[in-house]
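Participant: Mapping to full-length UniProt numbering: the sequence shown position 93 is 93, numbers consecutive. We put the beta carbon where it would ideally sit given N, CA and C, even for glycine.
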Amino acid sequence: MGEPFVIEPEERKPLDTPYHDNMTARELVNPEFGSDNIVFRITEIEPGKRAVDDWHAHDTSEQLFYILSGEGTLRMSETGREEDEEIYDLVPDVFAFIPPGTYHNAWSTGDTPLRMIVIWTPPYESFEDWNVDSDNESDESESQ
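1) In terms of residue numbering, what span does the beta strand (DSSP E) encompassing residue 105 cover?
2) Just grab the DSSP bridge partners of residue 77 for me.
3) Mind reading off the beta-carbon distance from residue 29 to residue 65? Whole number of angstroms is fine, and I expect it under 8 Å.
4) DSSP beta-bridge partners for residue 91?
5) If residue 37 sits next to residue 122, beta carbons under 8 Å apart, how far is it from one beta carbon to the other, in whole angstroms?
6) Work out the CA separation of residue 102 and residue 87 for me, nearest whole Å.
7) DSSP puts residue 117 in a beta bridge; with which residues?
8) In the structure shown, what three-state DSSP assignment does residue 86 receive?
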């Protein structure tokens, strides 16, 4: 178990994460920073960009989104198939729950970054464990 602490998000360096070229993310707590059970991240997605190059699923982690500012869209599918996807608007004070194994991707649709809290539990072990579907062809819906 880690020691208690209080920090400003800017005190954490932005992550250098695979698949996440269009966003800035700072993990405030994770196993490296004292928590064995949760990852808490502040994420900003650039206007008009996707968070991740392709949609993906986390096999063992629940993921939570809480929108702080900006506008965006979230697509999700339990099967990973385009015909099964559901699309949701992301605006301030919207909350999203993403169960393990649910394919998803978020993108910023406004003129300012989409800023949100992202939580994982249990924490992911490594980015290589993510189930990324680079063959999915639903990118055209993201530019609308």
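Facilitator: According to the data block:
1) 103-108
2) 103
3) About 17 Å separates the two Cβ atoms, so there is no contact after all.
4) None, per the DSSP bridge assignment.
5) 6 Å
6) 13 Å
7) 42, 66
8) strand
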